[in-house]
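Visitor:
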Amino acid sequence: MFGAGGGTNSYEEVEDTDVVFLWGSNARDAHPIWFHHLLKGIRHNDTRLYVMDPRRTSSAKWADVWVGLRVGSDIALANAMAHEIIAAGLTHPGFIANATEGFDAYKAAVQAYSPEAVEETTGIPADVIREAARTFATAKRAMICWTLGITEHHNAVDNVLSLINLCLLTGHVGRWGSGCNPLRGQNNVQGGGDMGAIPNKLPGFQDIEQDPEARERIGKLWGVEIQPKYGKNLTEMLHAMETGEMKGLFVIGENPVQSDADGNRVERIFNDLEHLVVQEIFLTKTAQLAHVVFPAAATWCEGDGTVTNSERRVQRVRKARSAPDGARDELWIISELARRLGHDWATPTAEDVWNSFRVVAPAFGGGMSYARLEELGGIQWPCPDETHAGTQYLHERLWQQPRVGRAAPFSVTHNEPPSEQRDATYPYLLTTGRRLESYNTGVQTSGYGSPLHWGESLDISPEDAMALQIEDGDIVRITSRRGSVVAPAFIDTSLREKLLFMTLHFPDEVSTNFLTIDVADPKSGTAEFKACAVRVDRVSAAEREHSVAHQNSEHR
Numbered sequence: 017m018f019g020a021g022g023g024t025n026s027y028e029e030v031e032d033t034d035v036v037f038l039w040g041s042n043a044r045d046a047h048p049i050w051f052h053h054l055l056k057g058i059r060h061n062d063t064r065l066y067v068m069d070p071r072r073t074s075s076a077k078w079a080d081v082w083v084g085l086r087v088g089s090d091i092a093l094a095n096a097m098a099h100e101i102i103a104a105g106l107t108h109p110g111f112i113a114n115a116t117e118g119f120d121a122y123k124a125a126v127q128a129y130s131p132e133a134v135e136e137t138t139g140i141p142a143d144v145i146r147e148a149a150r151t152f153a154t155a156k157r158a159m160i161c162w163t164l165g166i167t168e169h170h171n172a173v174d175n176v177l178s179l180i181n182l183c184l185l186t187g188h189v190g191r192w193g194s195g196c197n198p199l200r201g202q203n204n205v206q207g208g209g210d211m212g213a214i215p216n217k218l219p220g221f222q223d224i225e226q227d228p229e230a231r232e233r234i235g236k237l238w239g240v241e242i243q244p245k246y247g248k249n250l251t252e253m254l255h256a257m258e259t260g261e262m263k264g265l266f267v268i269g270e271n272p273v274q275s276d277a278d279g280n281r282v283e284r285i286f287n288d289l290e291h292l293v294v295q296e297i298f299l300t301k302t303a304q305l306a307h308v309v310f311p312a313a314a315t316w317c318e319g320d321g322t323v324t325n326s327e328r329r330v331q332r333v334r335k336a337r338s339a340p341d342g343a344r345d346e347l348w349i350i351s352e353l354a355r356r357l358g359h360d361w362a363t364p365t366a367e368d369v370w371n372s373f374r375v376v377a378p379a380f381g382g383g384m385s386y387a388r389l390e391e392l393g394g395i396q397w398p399c400p401d402e403t404h405a406g407t408q409y410l411h412e413r414l415w416q417q418p419r420v421g422r423a424a425p426f427s428v429t430h431n432e433p434p435s436e437q438r439d440a441t442y443p444y445l446l447t448t449g450r451r452l453e454s455y456n457t458g459v460q461t462s463g464y465g466s467p468l469h470w471g472e473s474l475d476i477s478p479e480d481a482m483a484l485q486i487e488d489g490d491i492v493r494i495t496s497r498r499g500s501v502v503a504p505a506f507i508d509t510s511l512r513e514k515l516l517f518m519t520l521h522f523p524d525e526v527s528t529n530f531l532t533i534d535v536a537d538p539k540s541g542t543a544e545f546k547a548c549a550v551r552v553d554r555v556s557a558a559e560r561e562h563s564v565a566h567q568n569s570e571h572r
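Numbering (the numbering used here), first residue to last: 17 to 572.
1) So Asn175 packs on Asp90, CB below 8 Å; how close in whole Å?
2) Skipping 5 residues on each side, what residues in its chain have a beta carbon closer than 6 Å to that of Ile242?
3) Taking 8 Å as the limit between beta carbons, can you name the residues of its chain near Ala43, skipping five residues before and five after?
4) Can you tell which of Tyr246, Tyr464, Asn325 and Ile297 has its C-alpha closest to the C-alpha of Ala314?
5) Thinking just about the alpha-carbon of each residue, which of Gly342, Cys317 and Asp341 is nearest to the one in Val333?
6) In angstroms, rounded to a whole number, what distance separates the CA positions of His571 and Asp524?
7) Measure how close the beta-carbons of Thr542 and Thr302 come, nearest whole angstrom, since I'm counting them as under 8 Å.
8) Where Tyr129 and Val459 are concerned, what is the direct C-alpha to C-alpha distance, given to the nearest angstrom?
9) First and last residue of the alpha helix (DSSP H) that includes Phe119?
10) Are the region 426 to 446 and the region 278 to 293 touching by the rule of at least three beta carbon pairs closer than 8 Å?
11) Rounded to the nearest angstrom, what separates Val144 and Arg344 at their Cα positions?
12) Going by DSSP in three states, Arg344 sits in which element: helix, strand or coil?
13) Which partner residues does Trp82 have in the DSSP bridge list?
14) Within 10 angstroms of its Cβ, does His60 collect 16 or more other Cβ (buried), or is it exposed?
15) Who are Asn197's beta bridge partners in DSSP?
16) Given a threshold of 16 other Cβ atoms within 10 Å of its Cβ, counted over all protein chains shown, does Thr7 qualify as buried or as exposed?
17) Where in the region 215 to 293 do unbroken runs of the alpha helix (DSSP H), each at least 4 residues long, occur, reported from the N-terminal end onward?
18) Here's the rule: buried if 16 or more other CB atoms are within 10 angstroms of the residue's CB, otherwise exposed. What is Asp401?
19) Using the rule of at least 16 other Cβ atoms within 10 Å of the residue's Cβ for burial, across every protein chain shown, is Met159 buried or exposed?
20) Drop a sphere of 10 angstroms on the beta-carbon of Tyr444, count the other beta-carbons inside from all chains shown, and report buried for 16 or more, exposed for fewer.
21) Given this structure, state the Cα-to-Cα distance separating His169 from Asp537, to the nearest angstrom.
22) Of the choices Gly269, Val240 and Phe286, whose alpha-carbon is the least far from that of His6?
23) Please report the residue range of the alpha helix (DSSP H) in which Leu54 lies.
24) Identify whether Cys399 lies in helix, strand or coil by the three-state DSSP scheme.
25) Thinking just about the alpha-carbon of each residue, which of Glu472, Pro504, Asn456 and Gly23 is nearest to the one in Glu273?
26) Which residue from Trp39, Gln396, Glu346 and Leu299 puts its Cα closest to that of Asp320?
27) Three or more C-beta pairs under 8 Å: does that hold for the region 289 to 296 against the region 260 to 269?
28) Within the continuous beta strand (DSSP E) that includes Val35, where are the two ends?
29) Assign Thr138 to buried or exposed, taking buried as 16 or more other Cβ atoms, counted over all protein chains shown, within 10 Å of its Cβ.
30) Can you check whether the CB of Ser477 is closer than 8 Å to the CB of Arg451?
31) Within 10 angstroms of the Cβ of Trp397, are there 16 or more other Cβ atoms? Answer buried if so, exposed if not.
32) Express the C-alpha separation of Phe517 and Glu479 in angstroms, rounding to a whole number.
33) With a cut-off of 8 Å on the beta carbons, I'd call Arg329 and Gly383 a contact; round off their distance for me.
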């Protein structure tokens, strides 16, 4: 937030806050460790929980209020809450004046979003919007936490900005128990960003284009001239591969052929690459298309390193067992590639690499030696030197008078519906998500037996099932403008009419991403996994057998 690519608060603060807006997140299933901290707050601190989600999820069952907004109406709801907070005189004028900029333009923009004006758009009664807004604004401590239900839209960045606006409006940031927190969607995705594995940042979130001092300093350390030019995000890379601008790809620990939207298109693009190299612990569908596969050790148990969680806590990972024959440590693989490209890095240890990171990003992690990480059981960044204990919550500087550093900007955002709408041909809206026991495309989970596993299904409301004369377990065909799959139906009382739900966990059985749309947010490159228009048809027994056999043959 405000230049630091991480959540503002620690897990401990979730137990001690007064109000939590859990927005676009089924954290009970997707972030169970974080959710256990929230449950402590609910049980022992009377934390009031609002869950903003189109589905009445397992998280919503713990909520004081389930705010069941329509898919893609998040900005309308956030702006309506801002409208109410301003109209009721519940803003924090001192914080706004000292710590922020752009308030007047923001105030003018949300005037059109009264609670009554957005009732139809959001599906939420105006009185519910008012009560939630006033509760958030008047709480001593409050935080907003979100995940992919906010970020997997064509206007993902604006969705996030609309939530940050609410925290700025009420002064709920930069203090204990108050802040804005993205719960990270993948294991160590926070750590990847910390290290600079994103196209616009150097290690420690130093901007490639906007920070010439960092470019020069790091360039000297690395012995290269760093060009002040952002790289391509995943969506831009797929386009470049499709047009022939990019002809080769090196994939490390990713399964984009099954995890990216519009799977038929993605598979076609990967098949057309001149050279595809995949470094993996499993022979994924992506690896099966590769010209070269590097079998890698599973670093989480077969190597050393660090991992960073959603509270910015860097923790040690230690080798517990040896890798199987033929699999190599990932650092060894990358170092050997460098050597054969003319750069002798020797064979650095994980600690060597970590210490080099501390040098190039001293303000971020200069004080986080392996010895201190061991001693303290992990440290939350930033930690600039070895006398620093780490940082539990970010942006306390915004409360200093005069303010230290740049102002936190309000952002004008306007509601935009999903890029694909329901119509007579495709009368349902499909949204996707996760289940508790499964992980992403199932590479690491679907092969294991679990009493919670039942494979992929099309979750459908009782009303829609009745209209289509569908019963639990019936095989149905789901069709979008991009593809078609078959799956068993599951009647789910958490769903409203015309809203369907599927996961990406079992692509070898049901390729849900054959349905999803590759329209992406222009700022983040994130595809709109949360909304695509589909139709549903019952299938005959003969068609069922043919479809299942055809899908299975595609994934062999």
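A virtual CB, placed ideally from N, CA and C, is assigned to each residue, including glycine.
Guide: Short version:
1) 5 Å
2) Arg231 and Gly235
3) Trp50, Phe51, Leu54, Ser75, Cys161, Thr163 and Leu199
4) Ile297
5) Cys317
6) Here His571 scores only 38 on pLDDT, less than 50, and its place in the model is too uncertain to base an answer on.
7) Thr542 to Thr302, Cβ: 19 Å. No contact.
8) 44 Å
9) Phe119 to Ala125
10) no
11) 56 Å
12) strand
13) Val67
14) exposed
15) Cys161
16) A question about residue 7 goes unanswered here, because the residues of the chain that appear run from 17 up to 572.
17) 228 to 238, 250 to 259, 272 to 275 and 279 to 287
18) exposed
19) buried
20) buried
21) 7 Å
22) Here the chain comprises residues numbered 17 to 572, so residue 6 is not present and cannot be evaluated.
23) Pro48 to His60
24) coil
25) For clarity, residue 273 is Val in the given sequence; the question names Glu instead. Per the Cα distances, Asn456.
26) Glu346
27) yes
28) Val35 to Trp39
29) buried
30) no
31) buried
32) 14 Å
33) Contact flag wrong, Cβ pair sits at about 14 Å.
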